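These notes are about the structure you will find just below.
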Amino acid sequence: MTRVQLSRILSFCGILAPPTMIFFILLAGYLTPGYNHIIDTVSKLSDQASQNPELMTAGFIIYGVLIVGFSYALYLRLRHGFKAHVVWLTLTLYGICMILAGIYQDTPGGNDIPLNPEGIAHNAAIITSCISMLIAMWMFAGSVYKKPSWFGFTWFTIIASFVGLILSIVFAVQSQVPASGLLQRFFYLVLLIWIEIVSIWLFRLTFKPSD
């Protein structure tokens with residue numbers, strides 16, 4: 019199998035990742051009595067008090083695996099330069115952290131309940147995933163800046179990452195923000211849209227020569 023063929027196959031991982039995550043969130047939310055998408059965070063679907071944690075746990079893990087595949091497909095296309103390597107490493111870290119967010123369940127309850135060790139591990143994975151994803155987006159924007167085949171993706175990525183950064187900062191103080199679940203979903207949606215668009219374009223580029 020050639021590098022181009024491998025990149026073409028793995029780019030499907032990126033295409034599948036966003037709808038897969040959305041599917042699991044909606045299904046797990048539907049099957050969880052009393053769950054509210056506006057108020058409750060995604061992590062509550064698989065926290066230590068959840069009635070059906072296995073479904074969202076599987077969602078986190080499958081999504082993370084797909085992101086790891088997508089990260090390598092993107093690296094195979096970008097290949098050269100320090101920024102391309104950072105994109106690969108940080109996107110891979112993002113995927114691994116999402117897997118860990120599924121393996122380690124969040125502490126049940128509100129902000130007034132202290133985190134236990136597993137809850138700390140879950141939250142550390144989520145925070146690390148957000149930071150690594152934003153770094154990957156910034157490095158990607160710099161890596162494709164002068165590549166004609168990625169025309170427009172630099173500014174698209176900068177804008178998306180800026181919006182994501184603002185939303186993540188606001189969500190970090192969610193104890194003072196109403197509708198924290200809805201706010202978190204806006205943040206996730208920005209990342210998922212970026213992944214979906216980049217992966218679709220990446221798939222198209224596998225049929226064209228590299229810059």
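Residues in the sequence shown are numbered consecutively from 19, following the working numbering. Glycine residues also receive a C-beta, built at the ideal position from the N, C-alpha and C atoms. Just so we're clear, the structure is a prediction, and the values are computed from it rather than from any experiment.
- Please work out which residues of its chain come closer than 8 Å, Cβ to Cβ, to Thr75, disregarding the five sequence neighbours upstream and downstream, and give them in chain order. Only Ser64, Gly120, Ile121, Gln123 meet the Cβ criterion.
- Query: Is the region 103-112 in contact with the region 133-145, if contact means three or more CB pairs nearer than 8 Å?
  - Reply: no
- Query: So, Ala154 versus Tyr90, is the Cβ gap smaller than 8 Å?
  - Reply: no
- Query: What residues in its chain sit with their C-beta under 6 Å from that of Cys31, if we drop five residues either side in the sequence?
  - Reply: Leu84, Gly87, Phe88
- Message: Which same chain residues end up closer than 7 Å to Thr59 when comparing Cβ atoms and leaving out the 5 residues on each side of it in sequence?
- Response: Ser198, Gly199, Gln202
- Query: When the distance is taken between beta carbons, is Gly170 closer than 8 Å to Ile117?
  - Reply: The answer is no: Cβ separation not under 8 Å.
- Is the region 175-183 touching the region 32-40, taking contact as three or more C-beta pairs under 8 Å? no
- Query: Alpha carbon to alpha carbon, what distance is there between Ala67 and Gly137?
  - Reply: 12 Å
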